[in-house]
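Contents: one structure, followed by commentary.
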Amino acid sequence: MTGYEIRIGLEIHVELATNTKIFCGCAVEFGAPPNSQCCPVCLGLPGSLPVLNRAAVEYAIRAALALNCTINLYSEFVRKNYFYPDLPKAFQITQDDKPLAVNGLLRYYLGDELMETQITRLHLEEEAGKSIHSGESIIGSEYTSVDYNRAGIPLAEIVTAPTMNSPAQARAFLEQLRLVLQYAGVSDCKMENGSLRCDANITVHPEPGMRVEKVEIKNLNSFRALERALAYEAERQVRVLERGGTVMPETRTWDERAQKTVRMRVKAGAPDYRYFPEPDLPPLELDAAWIEEIRSTLPELPLEKEARYQEAYGLSTYDTGVLVRAPQLAQVFEATVAQGRDPKFVANWVTGDYAHLARLGGTVSAEHFGQLLDMISSGAISAAQGKTVLQEMFARGVSPREFVAEMGFTVIADRDFLGKVIREVLTGHPELVERYCNGEDRLLGFFVGQVMKATNGRAEPRLVNKLLVEALAEGRNWQPRAE
Amino acid sequence: MKGLAQKLRTGQVTSVQLVQHYLDKIQADDPKVQAFLYVDWEGALAAARASDERRKLGKPLSPWDGIPIAVKDNICTVGMPTTCASRLLEDYYSPFDAAVIERIKRAGLPVLGKTNLDEFAMGSSTEYSAYHITHNPYDLSRVPGGSSGGSAAAVAAGLCPWALGSDTGGSIRQPAAFCGVVGLKPTYGRVSRWGLVALASSLDQIGPMGRTVEDVEILFSLIAGYDGRDSTSLPDAAYHCSASGPDTLAGLRLGVPEEFFGNGLCPEVAASVRRAITLMESLGAQVQPISLPHSAYAIDTYLTLVTAEASSNLARYDGVRYGKRVEADDAWDMFRKTRTKGFGPEVKRRIMLGTYVLTASHHEAYYEQARRVRSLITQDLEDAFAAVDVVVTPTTPTTAFRIGEKQDPLQMYLSDSYTATANLAGIPALTLPCGFDSRGLPIGIQLLADHFREDLLFRTGRLLERILGEVGE
Ligand SMILES: [Zn+2]
């Protein structure tokens, strides 16, 4: 592959998370019974007319601002005409030469390197219905059922400049784009539900800047699929070139099972959509003040947050990465740190046990979580006990203080008592003591574990450690003796 | 209509009697005229009974409560078919009422039934209806005009007191002129298009048709008004009937565009319209010649835009969700067969023309060019209304032609030459009868005013109507 320049551009469709559809009042809810969220407008019945949902415009503006786009105060809706059973009016209302927003920019990390990619445009359009074929595709199926619940869900279409140079970069871009849109609160961006969809175009240039034909890839349903399909396609095109062939302009689809791209259609036969301005909708004229109002409600975006965490809290790249990727965790982290707790200590707990339990389901308030951390850091309970308490907090919503009091969870820091336990443990494992005395230091951990186990995790671990080291040092000559 | 309202109010006549009268009339005469596609015998009487109940309780919904109406069959009505005179929508029942139907029901008007039209309102003679041809009550061998030919013929034949039509390039005014009735194409955006089956969305407007200017004004006041379901509806769309003003046209500046009196205009029509202009002058109007230099391009511009929009608006009739589906082996074949069988030749012709003018390689030469000319035509009228209050023209170049006479679609399109201008500019236009030709066929005169100046049209129209009545033929 050396000597070739790869150029990749993406076209992304994002379902905006408004409560109702873009041109009618129908509810938008994933998984509702087929055709239960429809009306004359989204079914395209004769005599129905579209009315633009202001919330859809607001969400699209939020998305555009989060992607550093320039918002056009004047934009137009057009009709894109084509026949398909799941397209109720036989045209899609979309935007063409006068889109809502242009000239955006997204920054993101590819490994440690900060990259940036131009967003050419962002426009608003309506979603089509969903066809469910009895067979493989519409041709050759005995029947096709159509669910129009999805018809009319607002979509933002985002197009990038074709400037990404590797499949990994395209993936990193898309991951960051999803994160930014989630931060902006405009979409849940679930690729598995189709609320985030991505098509890619790729060219392979034998020499930089040399003109070659573009290949489009569709059906990329996951980040992995995007990366693998692009990698496959880049290699395929290089093979074609090295055999002295030419790459045909065409649309290909990613076959997940075969892990390869397959030709769908050759570009020459591309349909003519006969675009023209939608006469049922006046042009969209925006008030600059409204845009500023929306801008003022945008939250801190991932990259800014990442920088702040590293600077203000001195967190590691790993911890920042985990927190920034999970806004919910970041929120708990900030709320907990805000009360003057040690950021690194809090980050460890949030990215560790808290993140793990949160993935299994449920939440714990920052207030309760903070109380738990205070009990641990003050030594009132051990870290091991803390883990158990946190589990109960997630499972049953208990308050940490009450739970600890109820269960009699306290830390044992009584030297005499611990000394007795230690003696019992050492007496029970004479061979291991001997091996330790002969230099196998790592066995210390085993003895600590045994002591913790014998005390149901209530022993203060640092003290146990200290006492054990002392006891074993003493016992380099230490012999079990009869009582 | 004020007379009828008076009789209803004083109990001289009931709504049931009134509706029964029209139903009897329909039964007797509609087999000859064939204005209706559907008559709601039961529903109209039930609505009349409900109206009489309200009267008895002293709670009429409006002064016009109980006066029935006929509705063009491209306007959605619950409980009656809405076929657009197309085979494709033969069994189609809309689940919702058009905004205008809601409004007339709110005023208590029983709906007698649905009137014939050219299929999907594409035509100027009602000969393109997929069901039957409507006949002109003045001469049954002639067309009533179109596309609202059913509504015009029904009013003219006394099958209903008034009716609703729709006008995209003259579809209310041309049949009104042919049938000797009054019709208004309102300012674009004054009457909601919610529930009007679209032909060309940027031109379509529902409007009233009746026997007198006063009736048409009353019906207009019932149907005009803002509607949030139509994004092109205007906030101050409502209309209140004007009080009867002075009995003269003193101070009214009347513009006569010479372009509308040139080649192609039948001399008898020209003479009749010029006579009406002289009468208006005698009432005090200041008549002055004006120029609308781009009007020669109106019909081509109109045809380009109407076919372009129609090709897109009618694409939804694919047999998937509603309408008459023709089964086939696969979805594409089903689309093709359904549309081939469901649409008549004129609809197919316009869909093909519209598809052609929107195709990427012709878009600029036809569609974009038409949009540019449209704004020139609009500009012409803006300039005109800086100098005059009302523009007066013939409504049509000729009187009603014979059924089957116009075989060439281009000849047919020319009947909209004088009317399409108002749709392109979005301005209101009123037609009223101004005389008869030597065969006894009605001649129409068209009055145009600036946006929102329907009041001027009605005032001028009322006085012209009166003086024409006084001087006689
Ligand atoms: Zn809907």
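Residue numbers (my numbering), protein chains in the order written: chain A, 1 to 483; chain B, 1001 to 1473.
We put the CB at the ideal spot given by N, CA and C, even for glycine.
Checklist entry - Could you give the residue range of the beta strand (DSSP E) that holds cysteine 1434 (chain B)? => result Counting along the chain, the beta strand (DSSP E) containing cysteine 1434 (chain B) begins and ends at 1429-1436.
Next on the checklist: Please classify isoleucine 1069 (chain B) as buried or exposed, where buried requires at least 16 other C-beta atoms within 10 Å of its C-beta.
Outcome noted: Buried, since its Cβ has 16 or more Cβ neighbours within 10 Å.
Next on the checklist: Counting C-beta neighbours from all protein chains within 10 Å, is the total for glycine 3 (chain A) 16 or more, i.e. buried, or is it exposed?
Outcome noted: The residue in question, glycine 3 (chain A), is exposed, as its Cβ has fewer than 16 Cβ neighbours within 10 Å.
Item to check | arginine 1453 (chain B) to proline 1428 (chain B) span [Cα, whole Å] | outcome: Linking arginine 1453 (chain B) to proline 1428 (chain B) through their CA atoms gives a straight-line distance of about 7 Å.
Item to check | Whole-Å CB distance - arginine 1173 (chain B) paired with glycine 1183 (chain B), under 8 Å assumed | outcome: Sure, about 5 Å apart at Cβ, within 8 Å.
Item to check | Reference glutamate 1214 (chain B), options B:Ile1206, B:Glu1405, B:Leu1430 and B:Gly1319, closest by Cα | outcome: Looking at B:Ile1206, B:Glu1405, B:Leu1430 and B:Gly1319, the one whose alpha-carbon comes closest to that of glutamate 1214 (chain B) is B:Leu1430.
Item to check | Closer than 8 Å to chain B by CB, arginine 274 (chain A) | outcome: So, interface residue.
Item to check | isoleucine 1206 (chain B) - containing beta strand (DSSP E), residue span | outcome: 1205-1210 is the extent of the beta strand (DSSP E) around isoleucine 1206 (chain B).
Item to check | Local conformation of histidine 1021 (chain B) per DSSP, three classes | outcome: Three-state result, histidine 1021 (chain B): helix.
Item to check | Straight-line gap, isoleucine 71 (chain A) to valine 240 (chain A) (C-alpha atoms, nearest Å) | outcome: Annotation: isoleucine 71 (chain A) to valine 240 (chain A) spans about 42 Å, alpha carbon to alpha carbon.
Checklist entry - In three-state terms, what does DSSP make of leucine 73 (chain A)? => result Secondary structure of leucine 73 (chain A) (DSSP, three-state): coil.
Next on the checklist: List, in chain order, every chain A residue whose beta-carbon is nearer than 8 Å to that of tyrosine 1367 (chain B).
Outcome noted: The contacting residues are Phe276.
Checklist entry - Using a Cβ cut-off of 8 Å, which residues of the stretch 1226-1243 of chain B contact any Cβ in chain A, in chain order? => result Close to chain A, meaning a Cβ-Cβ distance shorter than 8 Å, are the following residues of the stretch 1226-1243 of chain B: Gly1228, Arg1229, Asp1230, Ser1231 and Thr1232.
Checklist entry - Any idea what DSSP makes of phenylalanine 394 (chain A), helix, strand or coil? => result Helix.
Checklist entry - lysine 1324 (chain B) to valine 1306 (chain B), Cα distance in whole Å? => result Taking the straight line from one Cα to the other gives about 25 Å.
Checklist entry - Taking 7 Å as the cut-off, does the CB of glycine 129 (chain A) come closer than this to any heavy atom belonging to ligand 1? => result No, Cβ of glycine 129 (chain A) sits at least 7 Å from all heavy atoms of ligand 1.
Checklist entry - Would you call aspartate 342 (chain A) buried or exposed, if buried means 16 or more other Cβ atoms sit within 10 Å of its Cβ? => result With fewer than 16 other beta carbons inside 10 angstroms of its own, aspartate 342 (chain A) counts as exposed.
Checklist entry - Is tyrosine 1038 (chain B) helix, strand or coil when you go by DSSP? => result Under the three-state reduction of DSSP, tyrosine 1038 (chain B) is assigned to strand.
Next on the checklist: Measuring straight from C-alpha to C-alpha, what distance separates serine 222 (chain A) and arginine 197 (chain A)?
Outcome noted: Straight-line spacing of the CA atoms in serine 222 (chain A) and arginine 197 (chain A) works out to 8 Å.
Next on the checklist: For a cutoff of 8 Å on Cβ pairs, would you count phenylalanine 1335 (chain B) as touching chain A?
Outcome noted: Look at phenylalanine 1335 (chain B): its C-beta is under 8 Å from a C-beta on chain A.
Item to check | Between the CA atoms of glycine 1170 (chain B) and proline 1137 (chain B) - distance to the nearest angstrom | outcome: One C-alpha to the other measures close to 20 Å.
Next on the checklist: Give me the chain A residues within the contact set of leucine 1358 (chain B), using Cβ-Cβ distance strictly less than 7 Å, ordered along the chain.
Outcome noted: Here the neighbours are Arg274 and Phe276.
Item to check | Proximity of proline 484 (chain A) and isoleucine 8 (chain A) at Cβ, strictly below 8 Å | outcome: An answer regarding residue 484 (chain A) cannot be provided, because it is not within the stretch 1 to 483 covered by chain A.
Item to check | Proximity winner among B:Phe1385, B:Ala1035 and B:Arg1087, relative to histidine 1135 (chain B) (alpha-carbon distances) | outcome: Of the candidates B:Phe1385, B:Ala1035 and B:Arg1087, B:Ala1035 places its Cα closest to the Cα of histidine 1135 (chain B).
Checklist entry - On the premise that proline 1095 (chain B) lies in contact with serine 1475 (chain B), defined as a C-beta separation below 8 Å, what is that separation, rounded to the nearest angstrom? => result Only positions 1001 to 1473 of chain B appear in this structure, which leaves residue 1475 (chain B) out of reach.
Item to check | Contacts that threonine 1355 (chain B) makes with chain A (C-beta to C-beta distance below 8 Å) | outcome: The answer, in chain order, is Arg274.
Checklist entry - Along the chain, which unbroken stretches of the beta strand (DSSP E) at least 3 residues long are found entirely within the stretch 1369-1425 of chain B? => result With a minimum length of 3 residues, the continuous beta strand (DSSP E) runs that stay inside the stretch 1369-1425 of chain B are 1390-1394.
Next on the checklist: Just to confirm my understanding: we take leucine 1249 (chain B), look at its own chain, exclude 5 residues before and 5 after, and list those with CB closer than 7 Å. What are they?
Outcome noted: The answer, listed in chain order, is Met1280, Leu1283, Gly1284, Ala1285, Thr1460 and Leu1463.
Item to check | Residues with C-beta closer than 6 Å to any heavy atom of ligand 1, in chain order | outcome: Qualifying residues come out as A:Lys21, A:Cys24, A:Cys26, A:Cys38, A:Cys39, A:Val41, A:Cys42 and A:Gly152.
Checklist entry - When the Cα atoms are used, what is the spatial distance from serine 1361 (chain B) to glutamate 15 (chain A)? => result Distance between the alpha carbons of serine 1361 (chain B) and glutamate 15 (chain A): 33 Å.
Checklist entry - Within 7 Å: the Cβ of alanine 383 (chain A) and any heavy atom of ligand 2? => result Ligand 2 is absent from the structure shown, which contains only ligand 1.
Checklist entry - What residue ranges within the stretch 1213-1287 of chain B form continuous beta strand (DSSP E) runs of no fewer than 3 residues, ordered along the chain? => result Unbroken beta strand (DSSP E) runs of no fewer than 3 residues, entirely contained in the stretch 1213-1287 of chain B, are found at 1253-1257, following chain order.
Next on the checklist: Give me the chain B residues within the contact set of proline 279 (chain A), using Cβ-Cβ distance strictly less than 7 Å, ordered along the chain.
Outcome noted: Simply Ser1201, Ser1202 and Glu1309.
Next on the checklist: Quick check on lysine 130 (chain A) - is its C-beta less than 8 Å from some C-beta in chain B?
Outcome noted: It does not; no Cβ of chain B falls within 8 Å.
Next on the checklist: So, for threonine 1168 (chain B): in the same chain, excluding its five sequence neighbours on each side, which residues have a beta-carbon less than 7 Å away from its beta-carbon?
Outcome noted: Closer than 7 Å at Cβ, skipping near neighbours: Ala1121, Leu1199, Ala1200, Leu1203, Asp1204, Val1306 and Asn1423.
Item to check | Residue(s) in a DSSP beta bridge with glycine 1113 (chain B) | outcome: DSSP output for glycine 1113 (chain B) lists B:Val1039 and B:Ala1070 as bridge partner(s).
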